[in-house]
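Input: a single structure, listed below in structure tokens.
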Amino acid sequence: MTTADLINKLVQVIAALAIFSVVIGLLLFLIDRAPKKGRDVIQLIAFIAPALILLALGLIYPAIRTSITAFGDASGDFIGLDNFVWMFTQPEALQTLGNTVVWVILVPLLSTIIGLAYAVFIDKSKGERIFKALVFMPMAISFVGAAIIWRFIYEYRAGDRPQIGLLNQVVVWLGGEPVLWLQAEPVNTLLLIVVMIWVQTGFAMVVLSASIKGVPVEQLEAAQLDGTNAWQRFRNVTLPGIRGSLVVVVTTISIATLKVFDIVQTMTGGNFGTSVVANEMYNQAFRSQEPGRGSALALILFLMVLPIVIYNVRIMRQQREIR
Amino acid sequence: MSSTLHRRRRLVFPLAAASVVALTLAGCTGDIAAEEAADVDCSDYETYGSFDGAEVNVYGTIVEVEADRLNESWKDFETCTGIDVVYEGTQQFETQINVRAQGGNPPDLAITPQPGLVASLARAGYLKPAPESVEANVDEFWSEDWKAYGTVDGELVGAPLMASVKGYVWYSPSFFEENGYEVPKSLEELTTLSEQIAGDGVKPWCAGFASDAATGWPGTDWVEDMVLRLAGPEVYDQWVAHEIPFNDPQIVAAFDAAGDILKNPDFVNGGYGEVNSIVSLPFGEGGLPILDDQCAMHHQATFYEGFWPEGTTVAEDGDVWAFLTPPAQEGDELAISGGGEIVAAFTDTEEVVAVQTYLSSDTWANSRVSLGGVISANNGLDTANASSDLLKNAAETLQDENTVFRFDASDLMPAAVGANSFFKGIVDWMGGQSSQQTVDAIEQSWPAE
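Protein chains in written order, with my numbering: chain A, 74 to 396; chain B, 2 to 450.
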């Protein structure tokens, strides 16, 4: 690149920005000057159109394209349901679906339970803020970052060499033989799930903690006067009081878990029987150059997420009606 | 008045900042150096003719330092012919070339490392047949094997460019000498040698197959070498073209032969522990225990030269050296696997023909190889130009008339196999799956024709 090229590019950038602001300014001006009759409608359309256009281009069109591709082969010819037949007959693809089910059961369940328990125990304690920050911090780490950290924890060195992975060092201290954790089926899937739980617990804890603080003190005191013990109070007063937040937490984590890709790709690359749907979708579409199979997996993923989203929306709506 | 003054002051700072940024960025750009036409000997380039202001776009996978060397290699040609060769390299070449060809915006020339991709572009009608001058160069400078990789349905579409050789076995010459080990001349001798070393208390082999998403690929090189040696080049070609299934008994035999070494707990993994450590060990670290005499041999391509720590001498009498995996029987023809690029043209103007012809000539091969790091299978290459002893050795092997050359099979197979299930198969196979189960699974993943 020469100086002339650079100046040329800078001029282009500035010109583009200038044209953009002129067009937007003109548009806003015209909207403002719209004829009185139907001004509301015109303004509504003008402001909503950009979002709708972007949604159509970035979400609806790709969704339709993916659905069509899912019924085609590598060169795009229609092959009916063959991709779905492949998905539900190949042992490897079946294992992928099975793993996803394990993930989506364990991660939301455990992160919510751990997060809730933690939130209850530290509630109104002395260093609550610090305790909260500690558990919340993993949320600030990207999945890839978390995966790399945990890969180090599971790292393996042969027998007599010094271990650099924490888990194997502990095993050695206890007198055991180091294990290649990430290759040990089926434990490796559980070890990957631990990473996701580690990241998501903070989210569950913060939301639930805020919600617990919203449970009316009067109700708790009344229950206490009725002679309930702590567990009964938690079970019959606190839990119903935070039901809405619980649903939000569980569904949000479920959706995040269904889409998990980074952790698997970074830690095992989907090898050693740890692949999940999102990872396999990427592998098929981009590495194998089989966009049909990738799209079919994407479609299945969408169908798996859909009921959770619908349930989430319904609960939210019910809550609003109660209020 | 005061308000306009205020407004002006508000403008001054951003303007000043912008000009500082612009100046700094301008400092980063390298303005074209003055042409040094005076010291270039143009006699080699007279046959290509002279063009004024012509430009040829070249597109390829080669990036960074390698791309700089590529640009450097045709500098004299540019000066003498007046053609401006504009090279653009990208890691997304494989998908982008299709996008550009279909979108009606192809480059003039494409440097493609996969013969399969060249074939699909040619069959789609995007490529021009190779001009006569290129064909003449290919016939003069390249072997039949290489010409075949640039030929689609009987028509030559492109000439080969550079080459790399796989299937080298790295070892420590001093370790071999001290213990009286000899470089094996047949696969049987290789096994005997491994047993002998194992008997002396050293694990003879070390390997690492981990490579992020491509984990397992070094294992495919092992299997390819075994197919080439045990079943021969004809079967290798049929295997690649799927004329015999992936689970053919001969392929199973090749897996078993590789497994006799790679899955033998007495033979691996020198310096790193047990068999199961191979798949999790980054491929770049695979051969390093050779330096500490904890492992005797490591199977890897010529490029492994760059992976030894700084200060390691790579020479026949140095710290490490390599021999080619021997043929099945002593004295059998030497069959090697490796890679390379094909230069194919999307347009056929005179300047494009000139560049394509130049790239297929011995002049270019020598010019590029002297810049270091690579070799070419061009017979007109003076092997003394190779930048290291090993590359010189590899170039001589390629030029040897008795050498049979075959492209890396995983680069030739469909991506669903060559870039996915073959790698995965190797990982599962190393994890204890039998050779038969492994090849059956890979065969199943072969895309329907």
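A virtual CB, placed ideally from N, CA and C, is assigned to each residue, including glycine. Keep in mind the model is a prediction, meaning the values are calculated, not measured.
Take the Cβ of residue i as the centre, count every other Cβ of all protein chains shown within 10 Å, and call the residue buried at 16 or more, exposed below.
i	result
Leu-282(B)	buried
Phe-424(B)	buried
Ser-148(A)	exposed
Ile-270(A)	buried
Gln-103(B)	exposed
Glu-225(B)	buried
Glu-342(B)	buried
Gly-346(A)	buried
Glu-228(A)	buried
Asp-412(B)	buried
Lys-167(B)	buried
Thr-48(B)	exposed
Return the first residue and the last residue of the alpha helix (DSSP H) that residue i is part of.
i	result
Phe-216(A)	216-226
Arg-369(B)	363-370
Cys-81(B)	76-82
Ala-166(A)	164-195
Lys-205(A)	201-209
Ala-102(B)	94-103
Met-431(B)	423-431
Report the rounded CA-to-CA distance for residue i versus residue j, giving the unit in angstroms.
i	j	result
Met-377(A)	Gly-433(B)	34 Å
Leu-24(B)	Val-84(A)	Note that Leu-24(B) scores a pLDDT of 48, beneath 50, so its modelled location is shaky; the value from the coordinates is reported in the next line. Roughly 14 Å separates the two Cα atoms.
Asn-385(A)	Val-245(A)	46 Å
Asp-146(A)	Pro-364(A)	7 Å
Asn-58(B)	Asp-85(B)	8 Å
Thr-301(A)	Glu-294(A)	10 Å
Gln-116(A)	Lys-197(A)	50 Å
Cys-81(B)	Leu-382(B)	22 Å
Glu-36(B)	Gly-83(B)	Residue confidence for Glu-36(B) is low, a pLDDT of 46 falling below 50, so the modelled location carries little weight; the figure read from the coordinates is stated next. Straight-line Cα distance between these residues: approximately 11 Å.
Gly-90(B)	Ala-68(B)	7 Å
Val-405(B)	Glu-286(B)	30 Å
Ile-195(A)	Glu-201(A)	6 Å
Pro-114(B)	Gly-340(B)	7 Å
Leu-298(A)	Arg-306(A)	11 Å
Is residue i helix, strand or coil when you go by DSSP?
i	result
Glu-89(B)	strand
Trp-223(B)	helix
Val-170(B)	strand
Thr-246(A)	This sequence places Trp at residue 246(A); Thr is not what is there. Trp-246(A): helix per DSSP, three-state reduction.
Gly-31(B)	Any reading at Gly-31(B) must be qualified, since the residue scores a pLDDT of 44, below 50, and its modelled position is unreliable; the value itself is stated next. Correct three-state label for Gly-31(B): coil.
Ile-63(B)	coil
Ala-211(B)	strand
Pro-266(B)	coil
Gly-159(B)	strand
Pro-448(B)	coil
Thr-347(A)	coil
Ser-165(B)	strand
Asp-250(B)	Here residue 250(B) turns out to be Pro, not Asp, going by the sequence shown. In this structure, Pro-250(B) counts as helix in the three-state DSSP scheme.
Val-288(A)	coil
Ile-237(A)	coil
Trp-304(A)	helix
Quick one, are the C-beta atoms of residue i and residue j less than 8 Å apart?
i	j	result
Ala-420(B)	Arg-360(A)	yes
Ala-232(B)	Ala-255(B)	yes
Pro-116(B)	Tyr-150(B)	yes
Pro-185(B)	Phe-268(B)	no
Asp-363(B)	Phe-142(B)	yes
Asn-169(A)	Glu-353(A)	At residue 169(A) the sequence reads Thr, which differs from the Asn that was named. In contact: Thr-169(A) and Glu-353(A) (Cβ atoms closer than 8 Å).
Ile-31(A)	Ala-283(A)	Residue numbering for chain A in the displayed model covers 74 to 396; residue 31(A) lies beyond these limits and cannot be assessed.
Ile-63(B)	Tyr-172(B)	no
Pro-181(A)	Val-323(A)	yes
Val-268(A)	Trp-223(A)	yes
Val-333(A)	Val-349(A)	yes
Ala-378(B)	Trp-147(B)	yes
Val-203(B)	Ala-123(B)	no
Ile-112(B)	Leu-162(B)	yes
Ile-237(A)	Arg-230(A)	yes
Arg-407(B)	Leu-263(B)	no
Between which two residues does the beta strand (DSSP E) holding residue i run?
i	result
Phe-408(B)	405-408
Ala-346(B)	336-346
Phe-324(B)	322-325
Thr-113(B)	110-113
Lys-204(B)	204-206
**Message:** Along the segment 258-287 of chain B, where does the CB come closer than 9 Å to a CB of chain D? Name the residues.
**Reply:** Here chain D cannot be found, since the structure's protein chains are A and B.
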